[in-house]
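Novice: The structure follows.
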Ligand SMILES: Nc1ncnc2c1ncn2[C@@H]1O[C@H](COP(=O)(O)OP(=O)(O)OP(=O)(O)O)[C@@H](O)[C@H]1O
Ligand SMILES: [Mg+2]
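In the numbering used here, the protein residues as written are 14 to 248.
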C-alpha cells in the first residue's frame with residue numbers, strides 16, 4: 014500500500030546547524046504515527062518542513078503520491094494541517110474568531126457547519142465562544158488549537174507536542190481526543206517528548222535523534238525496545 018504521506022531523505026539546516034539529515038518517514042492512511050525524540054532532536058523542524066514553513070536543503074514530501082506544494086497556505090488546501098507546538102492560539106481573539114481563522118478556506122453555510130461541528134465535539138468551546146482565547150486553561154487552549162486545525166477538514170493532522178505542560182488527567186483527555194480524531198477518519202502524525210503516551214497511542218513510530226531516524230517500529234515494539242526504554246522511558 015502506498016503511504017498517504019511520504020517524507021524521503023529530508024535534510025534541513027539553519028545556517029550551520031544541521032537540524033535534519035536524510036530523514037524518511039511514511040504515514041499510512043488512517044493511522045496514528047508518532048515521532049519521539051529529545052529536546053532539539055528536530056521534531057518541530059520536521060513538521061514545519063512538511064507544512065512548508067521551512068525550506069529543506071534536499072529531500073521530498075509527497076501526499077498521496079504527489080509532491081506537496083511548498084507554500085503553507087497551499088499545503089493546508091491539500092488537507093495537511095499543522096497544530097503547532099505551544100498551541101499558538103490568538104489570545105486577543107475570541108474562541109469563535111480563533112475557529113473562524115482555522116476555517117478561512119470555507120465560506121457561508123459551509124463555514125457555519127464546520128463551526129457547529131467543532132462546538133459539538135468540544136462543548137466547552139461553545140460555552141466560552143465569546144471569551145478571549147487567552148482566558149482558557151492550557152488544556153482548553155490545546156483543544157482550541159486542535160479544533161482550529163479541524164476547521165479546514167484535514168486529511169492529515171500534524172500535532173506538535175499536544176501534551177506539553179499539561180497535568181496528567183488533561184493529557185489523558187488530549188490522547189482520547191487524538192484517538193477520536195483517528196476514528197473519524199483523519200490520519201495523524203504526532204510529535205512528542207512524552208514517549209510513553211505517544212508510543213501507546215500509535216500504530217507506528219520513529220525515534221528521531223540528533224536529526225536522524227535511529228529506530229522505527231510499531232508502538233509496542235518500541236515500548237519493549239531496550240534502547241527506547243533506557244533513553245526515553247526512564248529505564
Ligand atoms: N529558527 C531556527 N534557527 C536556528 N536554529 C534552529 C531554529 N529552529 C530550530 N533550530 C535548531 O534546530 C535543531 C532542531 O530543533 P527543533 O525545534 O526542530 O527540535 P525539537 O525536537 O522540536 O525540540 P523540542 O523538543 O525542544 O521542541 C535544534 O538544534 C534547534 O536549536
Ligand atoms: Mg519542538
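Beta carbons are placed, not taken as given, at the ideal position from N, Cα and C, and that holds for glycine.
(1) Quick test of the definition: if touching needs 3 or more C-beta pairs under 8 angstroms, does the stretch 218-228 touch the stretch 41-58?
(2) Based on Cα-Cα distance, which residue from 57, 84, 155 lies nearest to residue 202?
(3) Using C-beta distances below 8 angstroms, list every residue in its chain close to residue 147, excluding the 5 sequence neighbours before and after it, in chain order.
(4) Taking just the CA atoms, how far does residue 161 sit from residue 193?
(5) Looking at the secondary structure, which residues open and close the alpha helix (DSSP H) in which residue 133 lies?
(6) Just to confirm, are residue 175 and residue 154 a CB contact at a threshold of 7 angstroms?
(7) Throw me the rounded Cβ distance for the residue 40 and residue 33 pair, which I believe falls under 8 angstroms.
(8) Mapping DSSP to helix, strand and coil, what is residue 181?
(9) For residue 201 and chain D, any beta-carbon pair shorter than 7 angstroms?
(10) Report yes if the C-beta distance between residue 114 and residue 170 is below 7 angstroms; otherwise report no.
(11) Taking the alpha helix (DSSP H) that residue 110 falls in, what are its first and last residues?
(12) Given a threshold of 16 other Cβ atoms within 10 Å of its Cβ, counted over all protein chains shown, does residue 27 qualify as buried or as exposed?
(13) Specify the secondary structure class of residue 32 as computed by DSSP and reduced to three states.
(14) Please list, in chain order, all residues with a C-beta atom less than 7 angstroms from at least one heavy atom of ligand 2.
(15) Buried or exposed: which applies to residue 213, given that a residue is buried once 16 or more other Cβ atoms fall within 10 Å of its Cβ?
(16) Measuring alpha carbon to alpha carbon, tell me which of 38, 53, 107 ends up nearest residue 76.
(17) Keeping to the same chain, check which residues put their C-beta closer than 6 angstroms to that of residue 183; ignore five residues upstream and five downstream.
(18) Does residue 210 pass the burial test, meaning 16 or more other C-beta atoms within 10 Å, or should it be called exposed?
(19) How close, in whole Å, do the beta carbons of residue 97 and residue 173 come, if the pair is a contact with beta carbons under 8 angstroms?
(20) Note down, in chain order, each residue of its chain lying with its Cβ closer than 6 angstroms to the Cβ of residue 65, except the 5 sequence neighbours on either side.
(21) Would residue 142 pass as a contact of residue 187 if the rule is Cβ separation under 7 angstroms?
(22) Mind checking who residue 63 pairs with in its DSSP beta bridge?
(23) How big is the Cα-Cα spacing for residue 139 and residue 230?
Specialist: So, from the data block:
(1) Yes, they touch.
(2) For the purposes of this step, residue 202 is taken as residue 189 along the chain shown, with counting starting at 1. Of the candidates 57, 84, 155, the residue whose Cα lies closest to the Cα of residue 202 is 57.
(3) Taking the first residue of the chain shown as 1, we reach residue 147 at position 134. Non-local beta-carbon contacts of residue 147 in its own chain, meaning distances under 8 angstroms to residues more than five positions away in sequence, involve 102, 104, 105 in chain order.
(4) The count along the chain shown starts at 1 and reaches residue 193 at position 180. The count along the chain shown starts at 1 and reaches residue 161 at position 148. Rounded to whole angstroms, the gap between the alpha carbons of residue 193 and residue 161 is 16 angstroms.
(5) For the purposes of this step, residue 133 is identified with residue 120 of the chain shown, where counting begins at 1. Residues 121-134.
(6) Reading the chain shown from its first residue, position 162 is the one you call residue 175. Reading the chain shown from its first residue, position 141 is the one you call residue 154. Using a Cβ distance threshold of 7 angstroms, residue 175 and residue 154 do not count as a contacting pair.
(7) Working through the chain shown from its first residue, we reach residue 40 at position 27. Working through the chain shown from its first residue, we reach residue 33 at position 20. The pair is not a contact, with the Cβ atoms about 16 angstroms apart (cut-off 8 angstroms).
(8) Taking the first residue of the chain shown as 1, we reach residue 181 at position 168. DSSP places residue 181 in helix when its eight states are reduced to three.
(9) Absent from the structure is chain D; it holds one protein chain and no more.
(10) In the chain shown, the residue the question calls residue 114 occupies position 101. In the chain shown, the residue the question calls residue 170 occupies position 157. Their beta carbons are not under 7 angstroms apart, which means residue 114 does not touch residue 170 by this criterion.
(11) For this step, residue 110 is matched to residue 97 along the chain shown. In the DSSP assignment, residue 110 falls within the alpha helix (DSSP H) that extends over 108-115.
(12) If you number the chain shown from 1, residue 27 lands on position 14. Looking at its Cβ environment, which holds fewer than 16 other Cβ atoms inside 10 Å, residue 27 is exposed.
(13) Walking along the chain shown from the start, residue 32 turns up at place 19. In the structure shown, residue 32 sits in a strand (DSSP, three-state: E or B).
(14) Of all residues, those with a beta-carbon under 7 angstroms from at least one heavy atom of ligand 2 are 56, 57, 98, 173, 174, 204, reported in chain order.
(15) Position 200 of the chain shown, counted from the start, is the residue given in the question as residue 213. Residue 213 comes out exposed.
(16) Here the question's residue 76 lines up with position 63 in the chain shown. The shortest C-alpha separation from residue 76 is found at 38.
(17) Residue 183 sits at position 170 when you count from the first residue of the chain shown. Cβ within range, chain order: 152.
(18) Working through the chain shown from its first residue, we reach residue 210 at position 197. Looking at its Cβ environment, which holds 16 or more other Cβ atoms inside 10 Å, residue 210 is buried.
(19) Here residue 97 is taken as the residue at index 84 of the chain shown, counted from 1. Here residue 173 is taken as the residue at index 160 of the chain shown, counted from 1. Between residue 173 and residue 97 the Cβ distance is about 6 angstroms, and since that is below 8 angstroms, they are a contact.
(20) Reading the chain shown from its first residue, position 52 is the one you call residue 65. Shown here for residue 65: same chain residues with a beta carbon closer than 6 angstroms to its own, the five before and five after excluded, namely 83, 84, 85, 88 in chain order.
(21) Numbered from its first residue, the chain shown carries residue 142 at position 129. Numbered from its first residue, the chain shown carries residue 187 at position 174. Their beta carbons are not under 7 angstroms apart, which means residue 142 does not touch residue 187 by this criterion.
(22) Residue 63 sits at position 50 when you count from the first residue of the chain shown. The secondary-structure analysis by DSSP pairs residue 63 with nothing; it has no beta-bridge partner.
(23) One-based indexing of the chain shown puts residue 139 at position 126. One-based indexing of the chain shown puts residue 230 at position 217. Take the alpha-carbon of residue 139 and the one of residue 230: they are about 39 angstroms apart.
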